[in-house]
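Numbering (this note's numbering), first residue to last: 17 to 80.
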């Protein structure tokens, strides 16, 4: 998982948001309780202007 997270993070930092979103979604599916994955997926949705999904993920973090 570590290498996949690093790859997704590099995609995000390079502003490849579609690729980053796909990578973080796969990681989230396999590791829904991993905080950094949820936060980065939420940030990816936020910067893709999908605010409803971003808010849902941020709220999920807040409730845990």
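Note that CB positions come from ideal geometry on N, CA and C, so glycine has one too.
- DSSP places residue 47 outside any alpha helix (DSSP H), giving it a letter other than H or E.
- Closest by C-alpha distance to residue 28, out of 75, 58, 73 and 47, is 58.
- Counting other Cβ atoms within 10 Å of its Cβ, residue 36 reaches 16 or more and is therefore classed as buried.
- Between the alpha carbons of residue 61 and residue 69 lies a distance of about 7 Å.
- DSSP, read as helix, strand or coil, puts residue 31 in coil.
- Per DSSP, reduced to three states, the secondary structure at residue 20 is helical.
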